[in-house]
Amino acid sequence: PPAIGSTEDIFEGQVKVTCDEASNKLVITSSRRDYAQLRHVIDELDEPRRQVFIEAVIMDVTVDRVTNWGIGYHGGAPVDAPADLGQGVFYGGENMALSLAGIPPVDQLQALALGIRGPDIAIANDLFGLSVPAFGIVLHAMAQDGDSNVLATPHILATDNVPAEISIGKNIPLQQNLGGGLGSLASLAGGTTAGGLGNMAGLLGSLGGGGFGAPRQDVGTKIKVTPHVNDSDQVRLELVEEISNEGAPVGDLAAVPIEKRTASTTLIVRDQQTVVIGGLMRDASTNSEVKIPVLGDIPILGVLFKQTRRVKSKSNLLLILTPYVIRDQDDLRVIFERKMQERQEFLDRYFVFDDRRGWEPPVDYARSNGLVEDIRQSILLQEERARLEEDAKPKKPLTHEMGEPIALPTLAGSKGSGGTAAAAGGGDDAPAAAPAAAPARTTRPRLTTPGNRAVQRTE
Numbered sequence: 049p050p051a052i053g054s055t056e057d058i059f060e061g062q063v064k065v066t067c068d069e070a071s072n073k074l075v076i077t078s079s080r081r082d083y084a085q086l087r088h089v090i091d092e093l094d095e096p097r098r099q100v101f102i103e104a105v106i107m108d109v110t111v112d113r114v115t116n117w118g119i120g121y122h123g124g125a126p127v128d129a130p131a132d133l134g135q136g137v138f139y140g141g142e143n144m145a146l147s148l149a150g151i152p153p154v155d156q157l158q159a160l161a162l163g164i165r166g167p168d169i170a171i172a173n174d175l176f177g178l179s180v181p182a183f184g185i186v187l188h189a190m191a192q193d194g195d196s197n198v199l200a201t202p203h204i205l206a207t208d209n210v211p212a213e214i215s216i217g218k219n220i221p222l223q224q225n226l227g228g229g230l231g232s233l234a235s236l237a238g239g240t241t242a243g244g245l246g247n248m249a250g251l252l253g254s255l256g257g258g259g260f261g262a263p264r265q266d267v268g269t270k271i272k273v274t275p276h277v278n279d280s281d282q283v284r285l286e287l288v289e290e291i292s293n294e295g296a297p298v299g300d301l302a303a304v305p306i307e308k309r310t311a312s313t314t315l316i317v318r319d320q321q322t323v324v325i326g327g328l329m330r331d332a333s334t335n336s337e338v339k340i341p342v343l344g345d346i347p348i349l350g351v352l353f354k355q356t357r358r359v360k361s362k363s364n365l366l367l368i369l370t371p372y373v374i375r376d377q378d379d380l381r382v383i384f385e386r387k388m389q390e391r392q393e394f395l396d397r398y399f400v401f402d403d404r405r406g407w408e409p410p411v412d413y414a415r416s417n418g419l420v421e422d423i424r425q426s427i428l429l430q431e432e433r434a435r436l437e438e439d440a441k442p443k444k445p446l447t448h449e450m451g452e453p454i455a456l457p458t459l460a461g462s463k464g465s466g467g468t469a470a471a472a473g474g475g476d477d478a479p480a481a482a483p484a485a486a487p488a489r490t491t492r493p494r495l496t497t498p499g500n501r502a503v504q505r506t507e
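Numbering (the working numbering), first residue to last: 49 to 507.
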């Protein structure tokens with residue numbers, strides 16, 4: 049019996065198939081009937097892979113509320129030191145960076161900012177090389193509101209069972225170096241006073257110039273998907289989606305934090321079915337307070353000895369996906385026209401100039417078939433299918449039908465052949481036909497050999 053998986057019971061002879069990967073061709077050596085059966089299998093397998101147009105929607109809504117309130121103050125006075133040490137300065141305060149600065153930071157000037165600055169301490173310039181006010185008070189209050197609504201619709205065309213990836217974003221530096229921190233300190237010192245403090249800023253700036261290069265990282269939207277399409281237009285998607293954003297620099301080193309959200313899943317959807325693959329709702333509230341012990345706890349007057357910061361943040365993230373199965377070139381044309389219409393609507397709504405020229409991809413008609421050629425190709429295809437069906441039919445077994453026996457011929461004029469004898473009679477009576485004689489026995493020819501030449505045959 050034929051082995052399991054053999055083709056002895058399918059093909060009538062030996063079949064040899066050779067594949068040429070460079071030209072994507074098959075070389076088949078077989079009989080006409082076996083080739084016709086094998087061609088049917090090849091036609092079933094040799095079909096163009098279907099494609100899937102995947103459209104993703106990223107909806108990200110963020111609401112931020114920030115409140116800052118506080119007072120910065122300082123005070124100082126010259127003191128007498130022992131004779132061998134000379135004079136000194138007594139100095140202290142709360143949030144002194146605000147009261148020492150001649151001009152408050154820009155973010156505080158945008159809100160409520162009140163300040164008083166006293167005369168400089170004369171001895172401070174001799175000791176530190178910079179001028180220090182005898183006293184200073186700064187009152188600041190600020191409230192910030194920030195809302196963001198991000199709607200991103202990345203889309204990609206993928207082939208069945210082939211991974212596809214799209215990445216949209218930018219490459220940002222992560223300033224994790226010493227030079228950036230010292231440079232920021234030099235900027236702060238240079239804005240505090242003039243003269244000698246400017247020299248310190250130059251020194252710190254020179255130190256900051258020797259910092260090492262900062263590493264870089266990609267941020268943005270990245271989608272990696274592998275579609276699997278079946279005959280019922282159901283699509284199984286192996287999806288990995290990543291959304292990353294850069295945050296505000298933190299600390300003196302200006303380190304840039306990266307906020308990353310990732311979803312990895314496998315889902316089964318139908319053609320043109322919209323599904324929510326993931327999401328996140330986040331509600332954060334942060335309260336921070338910096339105060340002087342005891343003094344900051346005094347009712348009403350305690351606000352003069354503490355800094356208060358309140359932050360409320362809410363975010364809502366939705367990841368939505370819709371696959372479109374591409375069956376032929378007409379589906380690609382429909383998607384192209386829809387995207388061009390969306391572009392025109394965007395121009396009409398947000399663009400200043402009127403641009404209605406439109407764009408059509410160039411077409412080389414010399415490489416395309418006309419109506420007559422399409423008809424001819426269809427006729428040739430039908431004729432080839434009919435010929436293959438005829439060759440694939442099983443051959444009829446060879447049979448022999450019995451016919452009538454062949455009569456042996458009678459030799460005319462042979463001895464004893466008889467003949468027709470007429471009986472003599474009188475009158476007008478017709479002569480009676482004599483019965484036919486029996487046919488004479490034919491004699492088989494005798495082969496004469498040297499051994500039987502002397503034998504006489506007797507009749």
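Quick reminder that beta carbons are idealized off the backbone N, C-alpha and C, glycines included.
Once DSSP output is grouped into helix, strand and coil, what is the label at residue i?
| i | result |
| --- | --- |
| Asp-281 | coil |
| Gln-320 | coil |
| Gly-350 | helix |
| Val-382 | helix |
| Gly-326 | strand |
| His-276 | strand |
| Met-450 | coil |
| Ser-215 | strand |
| Glu-509 | Summary: the structure shown does not reach residue 509, with the chain confined to residues 49 through 507, and so no result is reported for it. |
| Leu-255 | Confidence at Leu-255 is low in this model, with a pLDDT of 48, below 50, so its placement is unreliable and the value that follows should be read with caution. Three-state result, Leu-255: helix. |
| Arg-309 | strand |
| Leu-343 | helix |
| Glu-421 | helix |
| Val-338 | strand |
| Ala-414 | helix |
| Ala-440 | helix |
| Ser-426 | helix |
| Val-359 | strand |
| Ala-455 | coil |
| Asp-331 | strand |
Whose C-alpha, out of the options, is nearest the C-alpha of residue i?
| i | options | result |
| --- | --- | --- |
| Ile-90 | Gln-389, Leu-436, Ala-302 | Leu-436 |
| Ile-325 | Pro-371, Glu-393, Leu-74 | Pro-371 |
| Ala-440 | Leu-222, Leu-86, Asn-278 | Leu-86 |
| Asp-300 | Pro-457, Lys-218, Gln-223 | Gln-223 |
| Asn-116 | Arg-358, Val-382, Asn-293 | Arg-358 |
| Phe-519 | Phe-394, Ser-363, Pro-409, Gly-61 | No answer is possible for residue 519: it lies beyond the span of the chain, which begins at 49 and ends at 507. |
| Lys-339 | Val-65, Cys-67, Gly-118, Ala-303 | Gly-118 |
| Asp-279 | Cys-67, Asp-68, Asp-378, Glu-95 | Glu-95 |
Less than 7 Å separating the Cβ of residue i from some heavy atom of the ligand ATP?
| i | result |
| --- | --- |
| Ser-361 | Because no ligand of any kind appears in the structure shown, any question about the ligand ATP cannot be addressed here. |
Since residue i sits in a beta bridge, which residues does DSSP pair it with?
| i | result |
| --- | --- |
| Ser-196 | Thr-110 |
| Ala-303 | Val-298 |
| Trp-407 | Looking at the DSSP assignment, Trp-407 forms no beta bridge with any residue, so it has no partner. |
| Ser-78 | DSSP, once it has assigned bridges, lists no residue as partnering Ser-78. |
| Ile-368 | Val-105, Val-324 |
| Asn-209 | Partner(s): none; Asn-209 has no beta bridge. |
| Ile-271 | Ile-214, Glu-289 |
| Pro-221 | Arg-264 |
| Asn-116 | Met-190, Arg-357 |
| Arg-165 | Gly-184 |
| Asp-68 | Lys-73 |
Once the 5 residues before and after residue i are set aside, which same chain residues still bring their CB inside 6 Å of it?
| i | result |
| --- | --- |
| Ser-78 | Val-63 |
| Gln-192 | Val-114 |
| Glu-290 | Lys-270, Thr-310 |
| Gly-350 | Gly-344 |
| Ser-196 | Thr-110 |
| Asp-108 | Val-198, Leu-365 |
| Ala-332 | Ser-361 |
| His-203 | Glu-103 |
Please report how far the alpha carbon of residue i lies from the alpha carbon of residue j, in whole angstroms.
| i | j | result |
| --- | --- | --- |
| Arg-97 | Thr-207 | 7 Å |
| Leu-365 | Thr-110 | 9 Å |
| Arg-165 | Ala-125 | 14 Å |
| Ala-200 | Asn-335 | 32 Å |
| Phe-59 | Asp-82 | 6 Å |
| Asp-374 | Gln-282 | With the sequence shown as reference, residue 374 is identified as Ile, and Asp is not the correct amino acid for it. Using only the alpha carbons, I get a separation of about 12 Å. |
| Ile-444 | Leu-428 | It should be pointed out that residue 444 corresponds to Lys in this sequence rather than to Ile. Distance between the alpha carbons of Lys-444 and Leu-428 is about 28 Å. |
| Lys-73 | Ala-434 | 23 Å |
| Lys-308 | Val-210 | 26 Å |
| Gln-389 | Trp-407 | 11 Å |
| Ala-455 | His-448 | 20 Å |
| Arg-424 | Gln-430 | 10 Å |
| Thr-313 | Asn-417 | 44 Å |
| Thr-240 | Val-180 | Below a pLDDT of 50, predicted positions are generally treated as unreliable, and Thr-240, at 44, falls in that range; no measurement from the model is reported. |
| Val-323 | Ile-368 | 6 Å |
| Arg-391 | Ile-216 | 18 Å |
| Leu-187 | Ile-214 | 50 Å |
Strictly under 8 Å for the Cβ-Cβ distance: is residue i near chain B by that measure?
| i | result |
| --- | --- |
| Gly-327 | Absence of chain B from the displayed structure is noted, only one protein chain being present. |
I'd like the list of long-range same chain contacts for residue i, defined as Cβ closer than 7 Å, with 5 residues on each side in sequence excluded.
| i | result |
| --- | --- |
| Leu-205 | Gln-99, Phe-101 |
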